[in-house]
Every structure is written in structure tokens, then in C-alpha cells.
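In full-length UniProt numbering, the protein residues as written are 1 to 99.
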């Protein structure tokens with residue numbers, strides 16, 4: 001998804017660059033440019049930043065999932081060791097494993 005968003009930004013930037021300064025150099029063109037230039041730059045930068053944020057979010061979610069899985073594995077192991085320790089072993093019979 002992030003790569004697609006960056007691709008859209010790159011395509012937009014390329015298309016706008018290809019159009020060139022289409023507003024002209026008269027008074028109306030200069031007024032348009034004053035209103036257009038900064039928002040246009042911010043939009044293109046915003047698209048790029050959105051891709052970066054999505055990449056970072058994916059990395060963060062992956063890291064959290066791995067941490068949760070490690071915690072779950074440790075909890076299962078701890079519960080198993082508590083259960084195994086609590087089983088009576090003085091009957092002379094062997095209990096089947098609960099794996």
C-alpha cells in the first residue's frame with residue numbers, strides 16, 4: 001500500500017513537472033502561482049510522508065505482533081510447568097503427556 005501511495009505521488013509530480021509553468025507570466029499567472037505553488041509542494045510532500053508513515057506503522061505492528069507471540073509462548077510454557085509440577089507423581093503410574 002505504501003509503495004502504491006508513493007507511486008501516485010511520483011506520477012503526480014512527474015505529470016505536473018511535464019506540464020511546466022502553465023499559468024503564464026502575466027499578473028493573473030503570478031497571482032495563481034502565489035496561491036498554487038506552496039500547497040502543491042505540500043501535497044506532493046504529504047503523499048511521500050504518507051508512504052513513510054505506512055511503512056513505519058507496518059513495522060511497528062509487526063514488532064508488536066512478534067512481542068505478543070513471545071509473551072504468549074512464555075505464558076503457555078509457564079502454565080504447562082505449573083500444571084506439570086502440580087501433578088501427583090507418587091502413584092507409581094505415569095501420566096500421559098498433555099502436549
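The beta-carbon is built from N, C-alpha and C at its ideal position, and this holds for glycine as well.
Classify residue i as buried or exposed, calling it buried when 16 or more other Cβ atoms lie within 10 Å of its own Cβ.
i	result
residue 9	buried
residue 46	exposed
Below 8 angstroms on the Cβ atoms is my contact criterion, and I expect residue i with residue j to pass it. Report the Cβ-Cβ distance as a whole number of Å.
i	j	result
residue 23	residue 29	4 angstroms
Between residue i and residue j, is the Cβ-Cβ spacing less than 8 angstroms?
i	j	result
residue 51	residue 6	yes
residue 2	residue 55	yes
residue 44	residue 19	no
Can a CB atom of chain B be found closer than 8 angstroms to the CB of residue i?
i	result
residue 87	Absence of chain B from the displayed structure is noted, only one protein chain being present.
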